[in-house]
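> I have a structure here, written as structure tokens, and I will follow up with some questions on it.
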Amino acid sequence: MILSWLKGFGRFWYGFIIGDDWTVAATMAVALLVTWLLHTAAVAAWWLPPVAAVVVVGASLQRSWREAR
Amino acid sequence: MSHSSVFVTTFLATCVEVIEMVIIVVGVGTVRGWRSTWLGAGSGLAVLALLVLAFGTALTAVPIGVLRLVVGSLLLVFGLQWLRKGILRVSANGLRGMGERTASGEGVPADGVDWTAFVLSFKGVLLEGLEVAFIVVSFGLTAQALPSAILGAATAFVVIATAGLLARGVVQRIPRSALQLLVGTLLSSFGTFWAVQGLGVTWPGDEAAILALVGWYVLAAVGYVGLLRQRARSLVLQDARG
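Respectively, the protein sequence lines represent chains A and B. The numbering used here applies: residue 56 is where the first sequence begins, and numbers increase by one. The numbering used here applies: residue 123 is where the second sequence begins, and numbers increase by one.
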């Protein structure tokens, strides 16, 4: 029972964070890390995550489009 | 600072935070269903009340930066999933789903708790609630007018929450596919704002940057929908010629 609960718990967070395309979450994790690194080097980097988000969603849509064809 | 200026300042500052909270709860509730959304929001408020009771005016010791980063990152990746799905659906089907009460194709369970709705509203309410508590404690203690600060925040909460409840009916009239797209852009915007803020980075224009982010994601969504529809049309034309 505990095992099935743990599996369900893991599945829920996998779906919540990763969803249909793992590249979106991975790209945003990298983008936030780079933003933090640039910030610690006193470089303004607030623009990076929104740009990365739009680019990675576009790439993901492109893949979905190709797969659908 | 007089008691009336503390009241007005905390009222206005709290309004900004509660508007963000209400947008998340109303958006998630409309797309995923209300029962689990209310459960999440209620649990968020209960945890917030426990934190306020436990810490009192020492609440500012809670590491809000880490909380913003964690909650913001989770909202961001989840919001981008909805944004992506919303773009695909709107580009494929247009604005359909007007008046449908449940998002059947989105894995919303018929019975039991929908943990996605629960977690989204829980996190939104807890983070925003904590920010309100910080505002009250900071303004109240600095100006030595804690009761006025509490009253200002409570008034803002009642006013904005009531406006949110009234707006529910309007939001439910938005076509389902467009609503998922809209909520996706809102979650992505709040998520981006909080995650970056949690890293210690200051946004130009502070909270006003959220509006710019919403505009940015809406523009991107409209652009991608247009692009996908254009491709679909040219494919149909190619098939017709072939």
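Virtual Cβ for every residue (Gly too), placed ideally from N, Cα, C.
Using only alpha-carbon positions, find the residue among B:V153, B:Q266, B:T314 and B:L181 that is nearest to B:S124.
B:Q266
> Could you tell me if A:K128 is buried or exposed, where buried requires 16 or more neighbouring beta carbons within 10 angstroms of its beta carbon?
Residue coverage of chain A in this structure runs from 56 to 124, which leaves residue 128 of chain A outside it and unanswerable.
> Find the nearest neighbour of A:A107 within the set B:T277, B:A283, B:T314 and B:G262, judged by alpha-carbon distance.
B:T314
> Between the beta-carbon of B:L197 and the beta-carbon of B:F279, is there less than 8 angstroms?
no
> Rounded to a whole number of angstroms, what is the C-alpha to C-alpha distance between B:I282 and A:M56?
43 angstroms
> What's the C-alpha gap between B:R355 and B:G262?
60 angstroms
> Can you pull the chain A residues whose beta carbon is under 9 angstroms from the beta carbon of B:T238, in chain order?
What B:T238 touches in chain A: F67, G70 and F71.
> Quick one: is A:A99 buried, meaning 16 or more other Cβ sit within 10 Å of its Cβ, or exposed?
exposed
> Could you check whether A:H94 and B:V193 sit closer than 8 angstroms to each other, using their CB atoms as the reference points?
No. Outside cutoff.
> One question on the structure: do B:G149 and B:L287 come within less than 8 angstroms of each other, judged by their Cβ atoms?
no
> Could you have a look at A:R124 and say whether DSSP puts it in helix, strand or coil?
coil
> If we cut at 8 angstroms on Cβ distances, does A:L87 have a partner in chain B?
yes
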